[in-house]
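Residue numbers (the numbering used here), protein chains in the order written: chain A, 1 to 206; chain B, 207 to 412. Built from N, CA and C at the ideal position, the CB exists for glycine as well.
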């Protein structure tokens, strides 16, 4: 089935299923029921079954899904998404933290460069990558065919920097700033707002 | 209207609206149309209007919402959620990074202590808080009435640590580990999986 028909939230859940099925495969588990897989992914079994039909994967009643074949199919859907070079813009407190974070590289995403209005200011010890001035952004993105950017600038400059990213050819932005970015329809944005996540959780504390 | 009737995703959007309205208020803007507010929040105007009716806020046709009154009402819904002490468990790469991140404290959430199986290992320069051993978790949570935890341990130990958090009295967890946590129904979990966010974005790159 063509790539564009899978909705965004489904792709997100496919990433979850893939990680679970990878672990089952490594542990030499042959089959998994939709109930067990759904529970591990935190979704309803009906949701799981619906998601997996997007690429023609149907479980066998009473037997569940074959782990190896499911792993292979999910990998073929998602694998093309990996090994993307990523740039980070805004090497302040959070940006520097994320440059030090090794979880991206582990999953096939390498932060190849960072940009900041003050290239010298990255904090927290020795960095493996250079912090470049903003006027290098456009040529770097073009020379290295970068499509993906992590945005960790303050809310006040986030839209201006986003416009520069879009102009440079960036197609996808992981936005940590506190504003909602206005982008053309061919650019995708995922928002991670850590303070709002905490506010949301604490609202439900009794 | 009673607190429990507002769904989780609505509360998330209320946090977004609140931040926008706060900024408008600071900039001495009197009224905002539902179209403008919805655009700034990245939602549809119908969604915005529906969300705001949860606490009896109706815009005036042609005039929109009064910024000051909307700001006050959103604050009264969300403010109780702030100024919560937070603990962090897992002071590895990402955990240390988040301890250095000043965005939580800015929004009223103070990380009061961190815990790790190796209390000496936090990276990246001088920390303002102590890294305590795991056997101090239960007494600390109880003595300081902590309800909220940030979980940055590896996936392999995330469920075991979660069980300890729940037993200690933690009611809400911001989970950065790569597994879906199984928790009792009185405990809420929000998941932030940074690598999946990147994978999801890059799936949509053409």
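In three-state DSSP terms, what is residue i?
i                     : result
residue 266 (chain B) : strand
residue 337 (chain B) : strand
residue 2 (chain A)   : Note that residue 2 (chain A) scores 41 on pLDDT, short of 50, meaning its location in the model is unreliable; the coordinates nonetheless yield the value given after this. Coil.
residue 290 (chain B) : strand
residue 206 (chain A) : coil
residue 310 (chain B) : helix
residue 218 (chain B) : helix
residue 51 (chain A)  : helix
residue 178 (chain A) : coil
residue 245 (chain B) : helix
residue 66 (chain A)  : strand
residue 150 (chain A) : strand
residue 297 (chain B) : coil
residue 192 (chain A) : coil
residue 226 (chain B) : helix
residue 405 (chain B) : helix
residue 393 (chain B) : coil
residue 29 (chain A)  : coil
residue 170 (chain A) : coil
residue 317 (chain B) : strand
State buried or exposed for residue i, treating a residue as buried only when at least 16 other CB atoms are found within 10 Å of its CB.
i                     : result
residue 279 (chain B) : buried
residue 308 (chain B) : exposed
residue 200 (chain A) : buried
residue 358 (chain B) : buried
residue 71 (chain A)  : buried
residue 383 (chain B) : buried
residue 51 (chain A)  : buried
residue 214 (chain A) : Limits of chain A in this structure are 1 at one end and 206 at the other, which puts residue 214 (chain A) out of reach.
residue 175 (chain A) : buried
residue 145 (chain A) : exposed
residue 207 (chain B) : Bear in mind that a pLDDT of 38 at residue 207 (chain B), under 50, signals an unreliable position, so the number given afterwards is only what the model happens to contain. Answer is exposed; the Cβ neighbour count stays below 16.
residue 147 (chain A) : buried
Does the beta carbon of residue i come closer than 8 Å to any beta carbon on chain A?
i                     : result
residue 368 (chain B) : no
residue 324 (chain B) : no
residue 365 (chain B) : no
residue 313 (chain B) : yes
residue 253 (chain B) : no
residue 377 (chain B) : yes
residue 374 (chain B) : no
How would you list, in chain order, the residues of chain A whose beta-carbon sits under 9 Å from the beta-carbon of residue i?
i                     : result
residue 386 (chain B) : 16, 20, 39, 40, 41, 42 and 43
residue 214 (chain B) : 200, 203 and 204
Using a cut-off of 8 Å between C-beta atoms, extract the partners of residue i located in chain B.
i                     : result
residue 103 (chain A) : 299, 300, 400 and 401
Cβ closer than 8 Å: which chain A residues qualify as neighbours of residue i?
i                     : result
residue 380 (chain B) : 194, 197, 198 and 201
residue 284 (chain B) : 199 and 203
Taking CB distances under 8 Å as the criterion, tell me whether residue i reaches chain B.
i                     : result
residue 144 (chain A) : no
residue 2 (chain A)   : Note that residue 2 (chain A) has pLDDT 41, beneath the 50 cutoff, so the model's placement of it is unreliable and no number is given.
residue 147 (chain A) : yes
residue 110 (chain A) : no
residue 12 (chain A)  : yes
residue 190 (chain A) : yes
residue 86 (chain A)  : yes
For residue i, return the contacting residues in chain B, with the cut-off set at a CB-CB distance below 9 Å.
i                    : result
residue 98 (chain A) : 300, 303 and 400
Thinking residue i and residue j are a contact (beta carbons under 8 Å), I'd like their distance in whole angstroms, please.
i                     : j                     : result
residue 398 (chain B) : residue 197 (chain A) : 6 Å
residue 34 (chain A)  : residue 48 (chain A)  : 5 Å
residue 179 (chain A) : residue 149 (chain A) : With 8 Å as the limit, residue 179 (chain A) and residue 149 (chain A) do not qualify as a contact, their Cβ atoms being about 15 Å apart.
residue 395 (chain B) : residue 295 (chain B) : Residue 395 (chain B) to residue 295 (chain B), Cβ: 13 Å. No contact.
residue 375 (chain B) : residue 336 (chain B) : So it is not a contact: roughly 20 Å between Cβ atoms.
residue 238 (chain B) : residue 270 (chain B) : 5 Å
residue 340 (chain B) : residue 321 (chain B) : 6 Å
residue 412 (chain B) : residue 26 (chain A)  : That pair is no contact at about 32 Å.
residue 284 (chain B) : residue 220 (chain B) : 6 Å
residue 343 (chain B) : residue 325 (chain B) : The pair is not a contact, with the Cβ atoms about 11 Å apart (cut-off 8 Å).
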